[in-house]
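Counting from 2, one number per residue, gives the positions in the sequence shown under the working numbering. Glycine residues also receive a C-beta, built at the ideal position from the N, C-alpha and C atoms. Predicted model only: the values in this text are computed from it and were never measured. Below is one structure, written out as structure tokens, with a few remarks after it.
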Amino acid sequence: MIKRYDVIVIGAGPAGLFSALSIKNKNILLLEKNSAPGKKLLISGAGQCNFTNNCSIDEFLKKYGNKGSFLKPALYNFTNKDSIEFFKQFGVDYNIREDNKVFPKSYKAIDILNVLLDKCIENKVEIKYKSIINDIEFDKDNESFNIKTPDILYICKYLIIATGGKSYPQTGSTGDGYIFAKKLGHSIVTLVPALTPVKVEDYKFEELSGISLKNVTITQWKNNKKINNFNGDILFTHKNISGPVIINNSRYIEVGDVLKLNFTDFNNIEDFKKYFEDKIVSSGKLRIKTIIKDLNIPKRLIDIILKLSNVDQDKTCSELNKNGRKKLMEYLSSFPLKVRALGNFNIAMVTKGGVSTKEINSKSMESKIIKNLYFAGEVIDIDGDTGGFNIQAAFSMGKLAGDNINSKLISFDCYK
Ligand SMILES: Cc1cc2nc3c(=O)[nH]c(=O)nc-3n(C[C@H](O)[C@H](O)[C@H](O)COP(=O)(O)OP(=O)(O)OC[C@H]3O[C@@H](n4cnc5c(N)ncnc54)[C@H](O)[C@@H]3O)c2cc1C
């Protein structure tokens, strides 16, 4: 059987749904391989859906590594404020947290998904679930796309590939879009799991599982050379270090790197060492545990550091030998952790890499290789920090693709 549409969108995630609801007055088919839409959206933000961020657009663009400039037209065309207004207009009020993360007021991802679905239904988008696509071909003679499924051959003028990345494959994002894109002549930038916890050698902090520390400065070392430093909140888990600063910077971290954690409030390690040495010298009869208390570090972490430094906290400062003092200062201000592995695609929140941005027009999301072929969302080589930046990017790219098709359809003789 053959079925014809003006537009076919593949993938009912935030990018695909947003593009489908944005296209006006045309017959649109949305193909989704799961039996329901937005599986990943529903688990986003632990089911609460941090759908955008309230920071300025300039700040926004800095959250995508060196891909901010590619996203600029999409994010200006449909901004974070537009997202907030869009959902509010359709009955989903929002909550902006202190850290600028924006959630639906109900803290329920389903509310966001329901608006997207309702708008698609209103827009008469036909949605076909459990669709298995065997092959996609571009028919040069007819300037159309043939999408082959076991029972139906779909033909369309405009095709949007919004199949997501490769992470959390149980949500349906298994990387099919890369195969389709490659088949249609696109290059795929190497796929790497991103926004993932970091596994380190000889992890000593199991007992601290669940404890988070605010504003920790981390320096990154490669072959004994300092190459980077980050600052933010870390979370100890029972096997790894995690938390926003680790997850957001995991895209820059490689196996073999050493991360040095500064648990003190001192930005400058030399300043800390000077402060600590002076304190030890001037507090001769005070116990070590008394002066360490002033450092504002959780007691359970201090206990581990003292144990690893071989220092008895009940001894007085004057009894602390040179070796103990040196180790203690090092562990408090630059605790070294050697990176053993990064989380794999099963636990990475997003995929770094994907359809090369060099082959996509950033002002329209249209392929530079095949006319009327579009990409939107995580299938493209774009990944953002945590904080609502990935879902917003998916909405904005989906909207831009849809808007561009709207602007073009007038001049095409489309299928009815
Ligand atoms: C645990 C977790 C929490 C997250 N939390 C947040 C958060 O709070 N805020 C944030 O901004 N980002 C978050 N993200 C990232 C965000 O969810 C994704 O970046 C976003 O969903 C990408 O949208 P997308 O539409 O491009 O792809 P996806 O959401 O992956 O949707 C792609 C869709 O395409 C379908 N599909 C794939 N292949 C085919 C095929 N061959 N045929 C038909 N359909 C197909 C899939 O089944 C899926 O439904 C989180 C990610 C994870 C894993």
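Check                                                                                                                                                                   : Outcome
Which complete alpha helix (DSSP H) runs does the stretch 116-185 hold, if anything under 4 residues is left out?                                                       : 177-184
Taking residue 58 as the reference, which of 74, 48, 49 and 43 has the closest Cα?                                                                                      : 74
Buried or exposed: where does residue 398 fall if 16 or more other Cβ atoms within 10 Å of its Cβ makes it buried?                                                      : buried
May I ask you to report which of helix, strand or coil DSSP gives residue 341?                                                                                          : strand
Quick one: Cα of residue 195 to Cα of residue 319, how far?                                                                                                             : 48 Å
Could you give the distance in angstroms between the alpha-carbon of residue 283 and the alpha-carbon of residue 352?                                                   : 53 Å
Check whether the stretch 247-255 and the stretch 218-233 are in contact - that is, three or more C-beta pairs closer than 8 Å.                                         : yes
Tell me the DSSP secondary structure of residue 309 in three-state form.                                                                                                : helix
At a threshold of 7 Å, does residue 177 count as lining ligand 1 (C-beta to nearest heavy atom)?                                                                        : yes
Starting from residue 242, follow its DSSP beta bridges and name the residues at the other end.                                                                         : 199 and 237
Leaving out five residues on either side along the sequence, give the residues of the same chain with a beta carbon under 7 Å from the beta carbon of residue 454.      : With the chain represented from 2 up to 417, any question about residue 454 goes unanswered, as that position is not in the structure.
Can the beta-carbon of residue 20 be found closer than 8 Å to that of residue 403?                                                                                      : yes
Does the beta carbon of residue 42 fall short of 7 Å from some heavy atom of ligand 1?                                                                                  : yes
Note down the Cα distance separating residue 336 from residue 233, rounded to an integer number of angstroms.                                                           : 16 Å
Output needed for residue 412: all residues of its chain with C-beta closer than 7 Å, excluding positions within five of it in sequence on either side, in chain order. : With a pLDDT of 48 at residue 412, under the threshold of 50, the modelled position of that residue is not reliable, and the figure given next carries that caveat. Excluding residues within five positions, none has a Cβ falling inside 7 Å.
Checking the sheet assignment: what are the DSSP bridge partners for residue 367?                                                                                       : 375
Going by DSSP, name the residue or residues bridged to residue 6.                                                                                                       : 157
To the nearest angstrom, how far is the alpha carbon of residue 237 from that of residue 132?                                                                           : 41 Å
Going along the chain, which unbroken runs of the alpha helix (DSSP H) with 4 or more residues stay wholly within the stretch 55-84?                                    : 58-62 and 69-78
Output yes or no for whether 8 Å exceeds the beta carbon distance between residue 61 and residue 76.                                                                    : yes
What number of angstroms, rounded off, separates the C-alpha of residue 373 from the C-alpha of residue 117?                                                            : 24 Å
For a quick check, are the C-beta atoms of residue 104 and residue 96 less than 8 Å apart?                                                                              : yes
How about residue 155 and residue 375: do their beta carbons lie closer than 8 Å?                                                                                       : no
Can you tell me where the alpha helix (DSSP H) holding residue 324 begins and where it ends?                                                                            : 323-334
Using the Cα positions of residue 260 and residue 345, report the straight-line distance between them to the nearest angstrom.                                          : 19 Å
Can you tell me the Cα-Cα spacing of residue 306 and residue 296, whole angstroms?                                                                                      : 13 Å
Is residue 171 near ligand 1, with its Cβ less than 7 Å from a heavy atom?                                                                                              : no
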